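Undergrad: Pasting in a structure now, in C-alpha cells, and then I'll have a few things to ask.
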Amino acid sequence: MYVAVKGGERAIDNAHALLAERRRGDRKVTELSVAQIQNQLPLAVDRVMTEGSVYDPELAALALKQASGDAVEAIFLLRAYRTTLPRFGYSEPLDTEAMQIERRISGTFKDLPGGQTLGATYDYTHRLLDFKLLAEGEQPTELETDDRPLEPCPRVLELLNKEGLIEPSPKADARPRDITREPVDYPAERAVRLQNLVRGDEGFLLSLSYASMRGYGDSHPFAGEIRSGRVAVELVPEELGFPIVVADIALTECEMVNQFHGSKTEPAQFTRGYGVSFGYNERKAMTVALMERALRAEELGEAVNYPTQDQEFVLSHTDCVSANGFVSHLKLPHYVDFQSELEMIRRLRRETAERDGQTEEAEV
Amino acid sequence: MSQADGYNFAYLDEQTKRMIRRAILKAVAIPGYQVPFGGREMPLPHGWGTGGMQVTASVIGTDDRLKVIDQGADDTTNAISIRRFFARTAGVETTEKTADATLIQTRHRIPERPLKNGQILIYQVPVPEPLRFIEPRDSETRKMHALREYGAMQVKLYEDVARFGHIATSYDYPVMVNGRYMMCPSPIPKFDNPKMDRMPALQLFGAGFEKRIYAVPPYTEVKSLDFDDHPFEVQQWEGSCEICGSDHSFLDEVITDDAGSKMFVCSDTDYCRERLAEQSAATTEEVAL
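So the sequence lines, in the order shown, correspond to chains L and Z. So in our numbering, the last spot in the first sequence is 368, and the numbers never skip. So in our numbering, the last spot in the second sequence is 275, and the numbers never skip.
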C-alpha cells in the first residue's frame, strides 16, 4: 500500500494548535504576561532586541513569550516584523559620552575622571542557587542611594588619545550602508562589519572571541572601558533642520585597547576594538569589540592566519536567523536529491561488484 | 485575507519589489549571472524558500495563478505553507495543475509536463554559487566568473571519472548558460537538467539567504557540463510508476513495510494524477464504445 509520506493542510493546522497548547503549559499555573517578561527577564529581552535590531522591549518580550523562551526563534519573529517597517531617517550619531552612567568600569586605570561605578552586575555574585527565590516570596532589598549629581565621564580611550598612544577613532562621515537593505560584498567596510557583528549570534561571537584570545588569533586586549546607561537618540527632521530627541534607550558600550607593534609607516601605538549592544548585554558588547578588532587584522597589516581574522568566514556566519534557518532546512524533504544519490550509490556498488566478480574469474 | 491586514499585496512593499524586479531584469539580460540584491528578511526561515518567495512576490499580479511544489509534489508541507502564504497575502488563485499555472514556485524539481512560453518557473535556491565547494570565498568566485575561469570544475568532474568511472554528481549538476556563465540549477536532480535547455518558459532563481538572483530567459541554451568521452547522462529506473505506469518520469522510492519492501511512484504528483485521469477516461470511452 502507498504510505502517506506527505503532510497536509490539516497536519500543519494541528501542529500549530499543539504548539500553542504546549507553549501555554499547565493551565493551573498562571499565564505569564508580556509585562512580566519585560520586567523580570530583561537580559533575555536585551538579547532579542540587539540581535533582532529593534529597540522595543515590549515587542521583544512578546516575541519571547510567543517563542516559548527560545531566543533564536524570538529574534526571528522580531526580525520578520522589523523588515516590514518603513524607514524614515537616520538618527544623529549617539553621544555616549553624555550617557546617564549606571555602570562604568575600566580594566586599564584604577581611577579616572568620573570614577568607576560597579552598577548592577552578576560579576561578583557567588553562583549559589538562591532557594529563597524558589519560595517566591518578595524579598525587600535595601538600596543605598546616592543623590550626588553625576560627574562628567570622558571616554577612557580619549584620555589615551590625548597622548597619541592610541590610534584616533576612524572617522566615518559617509552615511553607513544598511546591511538589511543592501547585499554585503567583501572586503566589507568597518560600518558594515560592526552592523553585522552587533546583529550576530551572541554564542557564536563569544566562542570566536574566546578562540582569538586562546591563540587562534592575535588578540591581547584590555577592557579600556565598559559603560552602560541611558542615551538620548536625536533625529534632525528635514522640516526643522535641528536635532530633536526621539527616544531614550539603554545601551552598553565597550572599548577594547589592543596592542599594535607599529609598521614601517606607523609608530607603535594601541589600537581600538569597539562594541555596543542594546540594553545591558555586556557580554555581547565585549565580544563585538574583540571580533571587530580581530577582523581589522588585514587593514593593520597583520598576518591573517586564523578563521577568527577572516572577514568572509566570520561575517557570513554570524547571523543566528540565517544559521538556524539553513541548518533546520535539513528537516525539509529531500526525497528527490536523496533518490538521486541512492541511484548513484547503487550503480557504483553494482559496478564494483561486477568488476570484482570478473577479477575473481580471471584469477581462477 | 484577514490575517494579512496591514501588509502590502504579496507581503513585500512596492519599493522592495521594484528593487527586486530591477535585479530580475538584469539577471534576464545576463543569463546565468548571479545578480546581488538587497534580500529582505522574510517570515520564513532562510533555506526554506525565502529567495523564491521574494521573486514570486515581486512578479505576481492579481491575475496570476500560482502553483507551488516541493520535491515535485503540491502536498508537501512546505509547499502548502508557501502556497497559503501567497493565497493569504496576495489573495491570488492557486492551482495544482501545471498546465493552468502562470507562476510555478519550485523546490528541487521541474515539472514533467513541458512548460509553455508565458509561464514563469521560480526556483528556490539554497547555494547559488556552483564553485562554492571548490572555493568558499565569494570575493574569489566572483573573479572566477568574470574571467570565465571554470577549469577547477572540470577537474573536479574529471576526478570523479578517475575515481568512480562516472561523474558522481547526481543533483545540483552544474550547467553552462548561453555559453558564458556557469550556473547552479538549484538542487534539482540531473534528470531535470535537459528540461532547462531552450525551455519556452522564463526561469528565475532566487537565493534569499545569499542575496542573489539569476535567470535563464526563454529558449536559452543550457548545457550540462561533461566530457566528449563521458557524455552527460540522466538517472534511469528499471521499473515504472506503480500508480500511473509512467516509465519516463522521475520516481520517488517509498518504503512500504518494515521488511524493506518498496515501490516507486512519480515524484510529480500532478503529472501522475493527470496520466491516471487520462487512463480512466480512455477506459470509460472504451466501455462506452
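C-beta: ideal position from N, C-alpha, C; glycine also. The structure displayed is predicted, hence computed values, not measured ones.
Determine, using beta carbons only, whether Pro61 (chain L) comes closer than 8 Å to chain Z.
TA: It does not: the Cβ of Pro61 (chain L) has no partner Cβ on chain Z nearer than 8 Å.
Undergrad: At least one CB of chain C closer than 8 Å to the CB of Tyr310 (chain L): is that the case?
TA: Absent from the structure: chain C. Protein chains present are L and Z.
Undergrad: On the three-state DSSP scale, how would you describe Val308 (chain L)?
TA: Looking at Val308 (chain L) - three-state DSSP - the assignment turns out to be coil, as it is neither helix nor strand.
Undergrad: Less than 8 Å separating the beta-carbons of Ala9 (chain Z) and Phe(-5) (chain Z)?
TA: Cβ atoms of Ala9 (chain Z) and Phe(-5) (chain Z): not closer than 8 Å.
Undergrad: Between which two residues does the alpha helix (DSSP H) carrying Asn262 (chain L) extend?
TA: Looking at the DSSP string, Asn262 (chain L) is not in any alpha helix (DSSP H); the run it does join, the beta strand (DSSP E), is 248 to 262.
Undergrad: Between Arg350 (chain L) and Met290 (chain L), what straight-line distance do the alpha-carbon atoms span, to the nearest angstrom?
TA: Each residue's Cα considered, the two are about 52 Å apart.
Undergrad: Using a beta-carbon distance cut-off of less than 9 Å, what residues from the stretch 321 to 339 of chain L approach chain Z?
TA: Hits within the stretch, in order: Asp323, Val325, Ser326, Ala327, Asn328, Gly329, Phe330, Val331, Ser332, His333, Leu334, Leu336, Pro337, His338, Tyr339.
Undergrad: Starting from the Cα of Glu303 (chain L), find the closest Cα among L:Pro172, L:Leu346, L:Pro191, L:Tyr94 and give me that residue.
TA: The candidate whose alpha carbon is nearest that of Glu303 (chain L) is L:Pro191.
Undergrad: Under 9 Å Cβ-Cβ, which residues of chain Z neighbour Ile16 (chain L)?
TA: What Ile16 (chain L) touches in chain Z: Thr63, Ile66, Ser67, Arg70.
Undergrad: Would you decide whether His224 (chain L) is buried or exposed? Buried here means 16 or more other CB atoms lie within 10 Å of its CB.
TA: By the 10 Å Cβ count, His224 (chain L) comes out exposed.
Undergrad: Whole angstroms are fine: how far does the CA of Val52 (chain L) sit from the CA of Thr81 (chain Z)?
TA: Rounded to the nearest angstrom, the two C-alpha atoms are 39 Å apart.
Undergrad: For Tyr220 (chain L) and Lys248 (chain Z), what's the separation of their Cα atoms in angstroms?
TA: Approximately 50 Å between the Cα atoms of the pair.
Undergrad: Please report the straight-line C-alpha distance between Val220 (chain Z) and Asn64 (chain Z), rounded to a whole angstrom.
TA: Roughly 27 Å between the two C-alpha positions.
Undergrad: Measuring CA to CA, which of L:Gly266, L:Val340, L:Asp60 is closest to Phe250 (chain Z)?
TA: Comparing Cα positions, the closest option is L:Val340.
Undergrad: Does the stretch 253 to 265 of chain L come close enough to the stretch 134 to 144 of chain L to have 3 or more Cβ pairs within less than 8 Å?
TA: The stretch 253 to 265 of chain L is not in contact with the stretch 134 to 144 of chain L.
Undergrad: For the stretch 119 to 137 of chain Z, which residues have a beta carbon sitting closer than 7 Å to at least one beta carbon of chain L?
TA: Cβ contacts with chain L: Arg123, Asp124, Ser125.
Undergrad: Based on the DSSP output, what are the partners of Asp56 (chain Z) in its beta bridges?
TA: Beta-bridge pairing links Asp56 (chain Z) to Z:Ala59, Z:Arg93.
Undergrad: If we require 3 or more residues per run, which beta strand (DSSP E) segments fall completely within the stretch 141 to 201 of chain Z?
TA: Runs found: 161 to 163, 167 to 169, 188 to 193.
Undergrad: Is it the case that the Cβ atoms of Val188 (chain L) and Val196 (chain L) are separated by a distance below 8 Å?
TA: In contact: Val188 (chain L) and Val196 (chain L) (Cβ atoms closer than 8 Å).
Undergrad: Within 8 Å of any Cβ in chain Z, is that where the Cβ of Gln343 (chain L) sits?
TA: For Gln343 (chain L), the answer is yes, since a Cβ of chain Z falls inside 8 Å of its Cβ.
Undergrad: Among residues of its own chain, excluding the 5 on either side of Glu106 (chain L), which ones have a beta-carbon nearer than 6 Å to its beta-carbon?
TA: Taken in chain order, the residues that qualify are Gly123, Ser232, Gly233.
Undergrad: If distances are taken between C-alpha atoms only, which option among L:Gln273, L:Asn200, L:Val250, L:Glu229 comes closest to Asp323 (chain L)?
TA: Comparing Cα-Cα distances from Asp323 (chain L) to each of L:Gln273, L:Asn200, L:Val250, L:Glu229, the minimum goes to L:Asn200.
Undergrad: Does any CB atom of chain L fall closer than 8 Å to the CB of Ala32 (chain Z)?
TA: The amino acid at residue 32 (chain Z) is misidentified as Ala; the sequence shows His. It does; some Cβ of chain L falls within 8 Å.
Undergrad: Would you say Gly12 (chain L) lies against chain Z (beta-carbon separation less than 8 Å)?
TA: Yes, because at least one Cβ of chain Z sits closer than 8 Å to the Cβ of Gly12 (chain L).
Undergrad: Out of L:Ala298, L:Tyr310, L:Val325, which one is the CA nearest neighbour of Gly204 (chain L)?
TA: When each option's Cα is compared against that of Gly204 (chain L), the closest is L:Val325.
Undergrad: With distances taken from CA atoms, which of Z:Ala15, Z:Ser266, Z:Phe119 is nearest Cys230 (chain Z)?
TA: Residue Z:Ser266 is the option with its Cα nearest to Cys230 (chain Z).
Undergrad: Within its chain, find whatever has a CB closer than 7 Å to the CB of Pro172 (chain L); leave out the 5 residues flanking it on each side and keep chain order.
TA: Closer than 7 Å at Cβ, skipping near neighbours: Asn165.
Undergrad: Hey, is Met53 (chain L)'s beta-carbon within less than 8 Å of any beta-carbon in chain Z?
TA: It does not: the Cβ of Met53 (chain L) has no partner Cβ on chain Z nearer than 8 Å.
Undergrad: I want to see whether chain Z comes within less than 8 Å of Glu347 (chain L), judged by CB atoms only; does it?
TA: Yes - at least one Cβ of chain Z is within 8 Å of the one on Glu347 (chain L).
Undergrad: Within the chosen definition, does the stretch 138 to 147 of chain Z reach the stretch 169 to 185 of chain Z through at least 3 CB pairs nearer than 8 Å?
TA: The stretch 138 to 147 of chain Z is not in contact with the stretch 169 to 185 of chain Z.
Undergrad: Which chain Z residues sit within Cβ distance under 7 Å of Pro180 (chain L)?
TA: Within 7 Å Cβ-Cβ: nothing; Pro180 (chain L) doesn't reach chain Z, min ~15 Å.
Undergrad: Can you check DSSP and say which residues form a bridge with Glu79 (chain Z)?
TA: Bridge partners of Glu79 (chain Z): Z:Arg51.
Undergrad: Excluding the 5 residues preceding and the 5 following Pro247 (chain L) in the sequence, name in chain order all residues of the same chain whose CB lies nearer than 6 Å to its CB.
TA: These residues qualify, in order along the chain: Glu96, Glu238, Val240.
Undergrad: Considering only C-alpha positions, which residue in the set L:Val76, L:Leu45, L:Asp74, L:Ala71 is nearest to Pro61 (chain L)?
TA: Checked all of L:Val76, L:Leu45, L:Asp74, L:Ala71; the closest Cα to Pro61 (chain L) is L:Leu45.
Undergrad: At a cut of 8 Å, does the stretch 197 to 210 of chain Z reach the stretch 2 to 20 of chain Z through at least three beta carbon pairs?
TA: Flag = yes, the stretch 197 to 210 of chain Z and the stretch 2 to 20 of chain Z touch.
Undergrad: Taking only runs that begin and end inside the stretch 97 to 176 of chain L, name each unbroken beta strand (DSSP E) of 3 or more residues, in chain order.
TA: Within the stretch 97 to 176 of chain L, the complete beta strand (DSSP E) runs of at least 3 residues are 104 to 109.
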